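Have a look at the structure below, then the notes.
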């Protein structure tokens, strides 16, 4: 147990390590208690069953992801450039996956999706979707997106690209697509790829870079 770490934190950390294994073992409270040295009765009181373990781990990861996205978007909020804000949202999503590989993997496990409150997940994804939609609609009004573009289709494209970059990194697939160079900065390459994608899809998005200091200048 780490200094200041509670029994719940210890149990969830052990469960997290199990869930990201190539073949995730069971996460029954008694098993976690035996591994961590937590009293079995305490473990069962905190986490009544496997579903409770999965739900607690996923909700903890989800809160950390939302905190990260909120902080990153707050930094871009002062830029009166919706296209730039949209790019920052994509960067923040990929950045979080890079920095939190285990959490990202857990949130995308089918077993987790079955036990986490679907209403909560829908609210989470719905809020991100509405945020991205608002950015795209404002960008279209400013001529930064084609006026005949379908916003729903663009939302799917944006999500697919950022999700794909994240999965390439998390699933350790980048070695198949990038040079086998130990000095290669893979996170920086993903950032560059996302900016290149934005260049093809949006116009004028880099104009917000100076006020946030988060994107390279043209």
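In the working numbering, the protein residues as written are -14 to 203.
Yeah, the Cβ is synthetic: ideal placement off N, Cα and C, and Gly gets one too.
Only a predicted model underlies this, so the values are computations on that prediction, with no experimental measurement involved.
Using the C-alpha atoms, what's the distance from residue j back to residue i?
{"i": "residue 92", "j": "residue -1", "result": "16 Å"}
{"i": "residue 203", "j": "residue 191", "result": "Confidence is the limiting factor: at residue 203 the pLDDT is only 33, short of 50, which leaves the residue's position unreliable, though a coordinate-based value still follows. Rounded to the nearest angstrom, the two C-alpha atoms are 7 Å apart."}
{"i": "residue 200", "j": "residue 25", "result": "The pLDDT assigned to residue 200 is 46, lower than 50, so where the model puts this residue is not dependable, and the model offers no usable value."}
{"i": "residue 97", "j": "residue 43", "result": "7 Å"}
{"i": "residue 3", "j": "residue 83", "result": "19 Å"}
{"i": "residue 74", "j": "residue -7", "result": "32 Å"}
{"i": "residue 143", "j": "residue 124", "result": "14 Å"}
{"i": "residue 188", "j": "residue 169", "result": "29 Å"}
{"i": "residue 117", "j": "residue 22", "result": "45 Å"}
{"i": "residue 39", "j": "residue 94", "result": "10 Å"}
{"i": "residue 158", "j": "residue 180", "result": "20 Å"}
{"i": "residue 210", "j": "residue 108", "result": "The question about residue 210 has no answer here: the residues shown for the chain are numbered -14 through 203."}
{"i": "residue 1", "j": "residue 41", "result": "10 Å"}
{"i": "residue -13", "j": "residue 18", "result": "15 Å"}
{"i": "residue 20", "j": "residue 115", "result": "42 Å"}
{"i": "residue 183", "j": "residue 112", "result": "22 Å"}
Span of the alpha helix (DSSP H) holding residue i?
{"i": "residue 15", "result": "14 to 21"}
{"i": "residue 52", "result": "35 to 61"}
{"i": "residue -13", "result": "Element bounds for residue -13: n/a, residue is neither H nor E."}
{"i": "residue 70", "result": "67 to 84"}
{"i": "residue 31", "result": "25 to 31"}
{"i": "residue -8", "result": "-8 to 4"}
Mind checking residue i: buried by the 16 CB within 10 Å criterion, or exposed?
{"i": "residue 162", "result": "exposed"}
{"i": "residue 64", "result": "buried"}
{"i": "residue 185", "result": "exposed"}
{"i": "residue 135", "result": "exposed"}
{"i": "residue 99", "result": "exposed"}
{"i": "residue 267", "result": "Outside the modelled stretch of the chain, which goes from -14 to 203, sits residue 267, for which no answer is possible."}
{"i": "residue 68", "result": "buried"}
{"i": "residue 166", "result": "exposed"}
{"i": "residue 11", "result": "exposed"}
{"i": "residue 141", "result": "exposed"}
{"i": "residue 14", "result": "buried"}
{"i": "residue -4", "result": "buried"}
{"i": "residue 59", "result": "exposed"}
{"i": "residue 90", "result": "buried"}
{"i": "residue 57", "result": "buried"}
{"i": "residue 133", "result": "exposed"}
{"i": "residue 209", "result": "Nothing can be reported for residue 209: it is not among the residues displayed for the chain, which extend from -14 to 203."}
Item to complete: Ignoring anything shorter than 4 residues or poking outside the stretch 92 to 123, list the alpha helix (DSSP H) runs there in chain order.
Response: 95 to 100
Fill in: Residue ranges of each alpha helix (DSSP H) within the stretch 135 to 203, 4 or longer
136 to 155, 171 to 186, 194 to 197
Worksheet item: Does the pairing of the stretch 15 to 30 with the stretch 44 to 57 give three or more beta-carbon distances under 8 Å?
Response: no
Item to complete: Say whether the stretch 144 to 159 touches the stretch 71 to 87, bearing in mind that this needs 3 or more beta-carbon pairs closer than 8 Å, one atom from each stretch.
Response: yes
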